[in-house]
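All remarks here apply to the structure that follows.
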Amino acid sequence: MKKPFRRNTAISLSALMLGMMLAMLLAAPAGAERVRGDCTGFAEFPSKTSDKTLVAERSVSDVFLVPKEETVVYAGTLKEGAEPFDSPVAFEGGVRVQGPVSSWQVVSWGGESVEVSADGSYGYSVPSWVPAGSGELTLTAWHQQGEFDCEVVVTVQLDGDPGPAALVAAAGTVVFGAGVLAAGSKKGVT
Amino acid sequence: MKGHAILGVISGFLFGLFLGVTLFLFGVIPLSSQWLWILPLVGILAGLVMAAWAPFGKSAAPQPAAAPPPPAAVPTADPAPITSQAADPAGDDQAAHKPVEDQPTES
């Protein structure tokens, strides 16, 4: 192997690694958990053996493991000590998953109520094709009702093992990486 | 472009895509990371750079610029048989310069 090739490869790889490290440092999550409003709330995951309760004040950097299937017990208020409305007021809200480019609304609710607090249970099941144990998911829960506007951001991770999906992805990376190297072979050489 | 540009673009895109998914599945980057769309673009760029650089394989042998002119023909010696002057001192040397007749050859 020629010296200039080794030097150029080493410089390129070093630059790539430095760039990735810098980007990861810059992309570290901020400390904001309840980004808007004065609401409070929690969600309890009964099937978990430890760290069962996710509260609105939880730090974004503190990852919460969630099962792929669960019936969550929840409760929340628009503001601590707030009085009920005199007449029904329209409300809407939901939960969004933040993606690399945009976000997807996975749960939504709406209606009219005089209440300023709510509780109950909610069952969910993540589709089987979604790999568990993968990277972190940033969830944003929001609720608007009258003058109250609240938004909470939490970081969760699906509990489990990524399984064969991770191996398939790794194999694809190797195969197409070889394709990139093959693109560097000179034309017309037999 | 010395290498294979189309192969580089396609392979680079898929390499970046799979690399991003792999990093996510192994928990290295979150789903909200910008790297998930940056990596395929970086892969395309890497494929194009590899195709332009083409560090692998030997260069094709260069074609000769022009064939050198053939060397000038050197006149060959007369293939006449050497005769002994001593044997025929009289000097009838016509036989010596008489062309050799073709001998019949076996076919």
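The listed protein sequences derive, respectively, from chains G and D. 465 is the number that this note's numbering gives to position 122 of the first sequence; each next residue is one higher, with no gaps. 1400 is the number that this note's numbering gives to position 33 of the second sequence; each next residue is one higher, with no gaps. Using N, Cα and C, we set each Cβ at its ideal position, and we do this for glycine too.
Assigned secondary structure, residue i (DSSP; H/G/I helix, E/B strand, else coil)
i	result
ALA508(G)	helix
VAL1409(D)	helix
LEU397(G)	strand
LEU1398(D)	coil
VAL378(G)	strand
GLY1414(D)	helix
Segment limits, beta strand (DSSP E) that includes residue i
i	result
ALA433(G)	432-441
PHE428(G)	Note, PHE428(G): premise wrong, no beta strand (DSSP E); not H, not E.
GLU412(G)	412-420
VAL409(G)	407-409
GLY384(G)	383-387
Amino acids of chain D, ordered along the chain, whose beta-carbon sits closer than 9 Å to that of residue i
i	result
VAL444(G)	GLN1401, LEU1403 and TRP1404
GLY522(G)	LEU1374, GLY1375, ILE1377, SER1378, GLY1379, LEU1381, PHE1382 and GLY1414
GLN441(G)	PRO1397, LEU1398 and SER1399
LEU408(G)	None at all; the shortest Cβ gap to chain D is about 12 Å.
LEU480(G)	PRO1397, LEU1398 and SER1399
PRO505(G)	LEU1392, PHE1393 and GLY1394
LYS530(G)	MET1368, LYS1369, GLY1370, HIS1371, ALA1421, GLY1424 and ALA1427
Endpoints, alpha helix (DSSP H) assigned at residue i
i	result
VAL1388(D)	1372-1392
Residues of its chain near residue i, where Cβ-Cβ distance is below 6 Å and the 5 sequence neighbours each way are ignored
i	result
SER477(G)	PRO505
LYS422(G)	ASP381
ALA484(G)	VAL438 and VAL495
PHE428(G)	VAL457
VAL416(G)	GLU387 and SER464
GLU455(G)	PRO431 and ALA433
LEU1390(D)	ILE1396
Own chain residues within Cβ distance below 7 Å of residue i, not counting five before or after
i	result
SER1378(D)	GLY1414
VAL1409(D)	GLY1383
Under 7 Å from the C-beta of residue i: neighbouring residues of chain G
i	result
LEU1408(D)	None at all; the shortest Cβ gap to chain G is about 12 Å.
Chain D residues whose Cβ lies nearer than 7 Å to that of residue i
i	result
ALA513(G)	THR1389
GLY516(G)	According to the sequence shown, residue 516(G) is Thr rather than Gly. The contacting residues are PHE1382, PHE1385, LEU1386 and THR1389.
SER477(G)	PHE1391, LEU1392 and GLY1394
Neighbouring residues, chain D, relative to residue i (Cβ below 8 Å)
i	result
PRO474(G)	LEU1392
Beta-carbon proximity list for residue i, same chain, < 8 Å, skipping 5 on both sides
i	result
VAL419(G)	According to the sequence provided, residue 419(G) is Gly. The question's Val does not apply to it. Excluding residues within five positions, the ones whose Cβ falls inside 8 Å are CYS382, THR383, GLY384, PHE385, ALA399, SER460, ALA461, ASP462 and HIS486.
GLU376(G)	ALA399, GLU400, ARG401, SER402, VAL403, VAL495, VAL496 and VAL497
Unbroken beta strand (DSSP E) runs of length 3 or more, entirely within the region 455-532 of chain G: which are they? Within the region 455-532 of chain G, the complete beta strand (DSSP E) runs of at least 3 residues are 460-468, 480-488 and 491-501.
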